[in-house]
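*Asks:* Residue numbers (the working numbering): 689 to 809.
Beta carbons: idealized from backbone N, C-alpha and C, even for Gly.
The following block contains the structure, expressed as structure tokens.
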């Protein structure tokens, strides 16, 4: 007789991968991207090959994917924290391609203005 095999799980790997992320997971990723923008601005004078402006472009592929799969810019626009620094806003404003800029500006004030300029929550 063959050895006894454990029952198959009710949710296989493909099923788990087919589920969309939760709102909390979308929010987590968007917060990390916003934080990465501020880190790139902060480290601008300390990193090269690739530089902060060059690395900035690599964040827009995942950002576009998250915005698209979460139903558009409205969800992302509600992610207020972490606030962007003035330096991060300047880095974005000065180095985005037209396509990246269109995505960035579609996300609203929480993404395009420094935290010091935003109304308190």
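Does residue 721 come out as helix, strand or coil in the three-state DSSP assignment?
*Replies:* Walking along the chain shown from the start, residue 721 turns up at place 33. Three-state DSSP puts residue 721 in a helix.
*Asks:* In whole angstroms, what is the alpha-carbon distance linking residue 711 and residue 717?
*Replies:* On the chain shown, position 23 is the one that residue 711 refers to. On the chain shown, position 29 is the one that residue 717 refers to. Cα to Cα, residue 711 sits roughly 10 angstroms from residue 717.
*Asks:* At the level of alpha carbons, what is the spacing between residue 634 and residue 775?
*Replies:* In the structure as shown, the chain begins at 689 and stops at 809. Residue 634 is therefore absent and cannot be evaluated.
*Asks:* Quick one: grab the DSSP three-state call for residue 796.
*Replies:* The count along the chain shown starts at 1 and reaches residue 796 at position 108. Coil.
*Asks:* How far does the alpha helix (DSSP H) with residue 775 in it reach, from first residue to last?
*Replies:* Translated into the one-based positions of the chain shown, residue 775 becomes position 87. Element bounds for residue 775: 774-783.
*Asks:* State the CB to CB distance for the pair residue 768 and residue 809, rounded to an integer number of angstroms; the pair is presumed to be in contact (CB under 8 angstroms).
*Replies:* Position 80 of the chain shown, counting from 1, holds the residue named residue 768. Position 121 of the chain shown, counting from 1, holds the residue named residue 809. With 8 angstroms as the limit, residue 768 and residue 809 qualify as a contact, their Cβ atoms being about 6 angstroms apart.
*Asks:* Under a three-way DSSP split, which group does residue 806 fall into?
*Replies:* For the purposes of this step, residue 806 is taken as residue 118 along the chain shown, with counting starting at 1. DSSP places residue 806 in coil when its eight states are reduced to three.
*Asks:* Under DSSP, the alpha helix (DSSP H) around residue 741 begins and ends at which residues?
*Replies:* To locate residue 741, count along the chain shown from 1; it is residue 53. First-last of the alpha helix (DSSP H) with residue 741: 740-757.
*Asks:* Report all residues from its chain with a CB closer than 7 angstroms to the CB of residue 792; omit the five preceding and five following residues, and keep chain order.
*Replies:* Within the chain shown, numbered from 1, the residue matching residue 792 stands at position 104. Contacts found: 780, 784, 799, 800.
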